Amino acid sequence: LLKTLPGLKNALNGQSGNRIAYEQNRDWLYSYVPVDWLHSSIPISGTNWAVAVQRPTDVTFASVISFQHSLIIALVMLIVGASVFWFVMHGWVVAPLARLAQAAGQIKPDQEKKVTDSKLLARERSRGDEIGKLISAFSTMEDEIHSLFRKSDERSQARLHTLDAIMRSIDEGVLLERPDGQIIYANHNYTQFVGIPPQEVLLDFDSFNENHLMEKLLAMIVQPDAYLEATRRAEEANSPSQVIEFQVHGYYNRFGQWIPVRRDIHMRLFEVRDLTGQLIGRGKVFNDVTQQNKAEQLKKNLLAIVSHELRTPLTAIKGYATSLLETDVELDDALQRHFLHRIVAEGDRMAELVTNLLEMSQLEAGTLKLFPALHRLDVLIEEALPVDDEHTIRVALPGDIPLLYVDRKRMEVVFSNLVENARRHAGAGALIEISARYEAEHADEGLYLDFADNGPGLPEHLTERVFDRFYQVDGGRERSSSGVGLGLAICRGFIEAHGGRIWAENCAGDTTGAIFHIWLPATVFRMAGSQTTGKLQDVV
23 LLKTLPGLKN ALNGQSGNRI AYEQNRDWLY SYVPVDWLHS SIPISGTNWA
73 VAVQRPTDVT FASVISFQHS LIIALVMLIV GASVFWFVMH GWVVAPLARL
123 AQAAGQIKPD QEKKVTDSKL LARERSRGDE IGKLISAFST MEDEIHSLFR
173 KSDERSQARL HTLDAIMRSI DEGVLLERPD GQIIYANHNY TQFVGIPPQE
223 VLLDFDSFNE NHLMEKLLAM IVQPDAYLEA TRRAEEANSP SQVIEFQVHG
273 YYNRFGQWIP VRRDIHMRLF EVRDLTGQLI GRGKVFNDVT QQNKAEQLKK
323 NLLAIVSHEL RTPLTAIKGY ATSLLETDVE LDDALQRHFL HRIVAEGDRM
373 AELVTNLLEM SQLEAGTLKL FPALHRLDVL IEEALPVDDE HTIRVALPGD
423 IPLLYVDRKR MEVVFSNLVE NARRHAGAGA LIEISARYEA EHADEGLYLD
473 FADNGPGLPE HLTERVFDRF YQVDGGRERS SSGVGLGLAI CRGFIEAHGG
523 RIWAENCAGD TTGAIFHIWL PATVFRMAGS QTTGKLQDVV
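Okay, here's the thing in structure tokens:
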């Protein structure tokens, strides 16, 4: 028995266990365990007991094997079912949601075609389940988004145009910059002042080199290095507002013409901060304060005029009138007529001074009114020329100049003042030449008039200052009795009121003398009997 039952010997020796043996063409499971007590607390002495059980393995493990097989089948079915479920869910739910998310990322403010109408969601639009309802709701949301985009864009454009209109309406030039100094906006007055046509500047600066705006300004500034240094110090000061004053060589008027006259510019530099106090930009406001800076000097000059130019003729008039009223002095008729002529001359002098002051005040205030009509250039010049024996005046005009649509009185004043200025400074016996020409191919198309003399000429640094109010080249600080320094200033005002310009220079080469140039645009020319603007044409 010990040989036929494997492990029985070990059981009798007090060991327990299991063994599998192959017998009778099948596997058998032998289980054994030693027995020291037999359901009693009284030991059976002198005996060795063991329990051995023999069972076929296929019968013993049938339940376990069956459970394993069932578990494997269940797992396989679960994996297959989960795969089928995921495939169905991906194709029916996940993929449509992914395409919907992709479509949502394609929505743009300037979208012309709805993304829900594209091929991307073609299959989902016809579904009647929740996915189809979601696509329909997304389509409605897309319409609302585009509507909000359009409304927001319209409001932004309206605000932008309103802001630009406000900026265009103010008299000062305005620059807006980022903290790094890049210009993001320049209003119309600034671009006009530096000579950049408005059609070259787009509001969003997409196709314009904004550095050109600052380059044009620096080219006009008298001392650009000092301006840059002052600007740098002002920006580093971190002050809410700083003021910088500088001068420019000239400026461009509204017709795009360069006016070479020095101007005093007042620039206010301010910071732009957000609600948190973070610096988001800077602004520069440019204001032409030439007239304001001359106000004090003007007051002093007016005082000099009242004390000298008005008092002198009044004194002469009073003296002559007193002499005529004297009863104890007999004056012959010739002397009386001389006194009366002197009284009239001094009265004319006072009237001319008052007229010049009134004309200049109208020019400065911008209230001067022109009364243009058709006039011949040769007649205007002839009326302005004085009867002069000491000076030779030559006039050379082309025969094909048409009628001018100008204010006769103001143009005669201009011509008369220029001739009087040449007579005064060229000296006795001087030659004054008046010539005209028309340039159609020139960039500044129009009529050019030249008033030249053979006098000593002008100091180079005074060719522009002679057009300042109350300035006299020969007077220095002491006023001259021959004038008050308003003639050339009035000439410039009247010419600019007609859209033209006037400037002075010295004769070139070995000849001496000064030349005053006048340019009148082609818009002042008229055909005989026509009231419409036209270019230079022959008058029949």
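For the sequence shown, position 343 matches number 365 in our numbering, and the numbering has no gaps at all. Beta carbons are placed, not taken as given, at the ideal position from N, Cα and C, and that holds for glycine. Values in this document were obtained by computation on a predicted structure and should not be read as measured data.
Around the beta carbon of Val-488, a 10 Å sphere encloses 16 or more other beta carbons of the protein chains shown; the residue is thus reported as buried.
In the three-state scheme derived from DSSP, where H, G and I count as helix and E and B as strand, Asn-275 is classed as coil. Every alpha helix (DSSP H) stretch that sits fully inside the region 44-117 and reaches 4 residues is listed by chain position as 79-82, 84-111. At the C-beta level, Asp-475 and Gly-421 stay beyond 8 Å of one another. A contact between stretches requires three or more CB pairs, one per stretch, nearer than 8 Å, and the region 451-469 meets this requirement with the region 420-434. Pro-246: member of the alpha helix (DSSP H) spanning 246-258, first to last residue. In the three-state reduction of the DSSP assignment, Tyr-470 falls in the strand class, which pools E and B. Going by DSSP, Asp-310 is part of the beta strand (DSSP E) stretching over 301-310.
Among the bridge pairs identified by DSSP, Pro-543 is matched with Gly-468.
Here the alpha carbons of Asp-355 and Pro-478 stand approximately 43 Å from one another.
A buried status is given to Gly-468, since no fewer than 16 other beta-carbon atoms sit within 10 Å of its beta-carbon. DSSP places Ala-462 outside any beta strand (DSSP E), giving it a letter other than H or E. Looking from the CA of His-210, the closest CA among Tyr-274, Tyr-493, Gly-299, Leu-156 belongs to Tyr-274. Residue pairing from DSSP places Tyr-427 in a beta bridge opposite Leu-396. Annotated three-state conformation of Asn-35 is coil, per DSSP. The three-state reading of DSSP puts Thr-414 in strand, counting E and B together. Residue environment analysis places Arg-285 among the buried positions, since at least 16 neighbouring C-beta atoms fall within 10 angstroms of its C-beta. Taking the Cα of Ile-243 as reference, the smallest distance to any Cα among Leu-250, Phe-83, Leu-34, Val-270 is reached at Val-270. Residues of the same chain with their beta carbon placed closer than 6 Å to that of Phe-83 are lacking, with the five preceding and five following residues left out of the count. Listed in chain order, the non-local C-beta contacts of Phe-437 below 7 Å within the same chain comprise Leu-402, Ile-403, Ala-406, local neighbours out to five positions each way being set aside. As a beta-bridge residue in DSSP terms, Glu-199 pairs with Ile-205, Arg-304. Comparing alpha-carbon positions, the option among Asp-132, Thr-414, Phe-292 lying closest to Ala-256 turns out to be Phe-292. In this structure, Ile-287 and Glu-267 form a Cβ contact; the two beta carbons are roughly 7 Å apart against a cut-off of 8 Å. Cβ contact annotation for Gly-449 (same chain, cutoff 7 Å, sequence separation greater than five): Gly-477, in chain order. Apart from the 5 residues on each side of it in sequence, Leu-301 sits with its Cβ closer than 7 Å to the Cβ of Pro-201, Glu-293, Arg-295 in its chain, given in chain order. Going by C-alpha positions, Glu-176 is about 42 Å away from Glu-251. Under the three-state reduction of DSSP output, Glu-386 falls in the helix class. In the same chain as Tyr-207, and ignoring 5 residues on each side of it, the C-beta atoms closer than 6 Å to its own belong to Leu-198, in chain order. As the crow flies, the alpha-carbon of Pro-28 is around 8 Å from that of Ala-43. A distance below 6 Å between beta-carbons, with the five flanking residues on each side excluded, links Arg-304 to the following residues of its chain, in chain order: Glu-199, Glu-293. Here Arg-491 carries a coil assignment [DSSP, helix/strand/coil]. Taken through DSSP and simplified to helix, strand or coil, Glu-134 comes out as coil. Judged by DSSP secondary structure, Asp-286 falls outside any alpha helix (DSSP H) and instead within the beta strand (DSSP E) spanning 285-295. Cβ atoms of Ala-373 and Arg-430 stay farther apart than 8 Å, at about 20 Å. As computed with DSSP, Gln-264 is found in a beta bridge with Leu-291.
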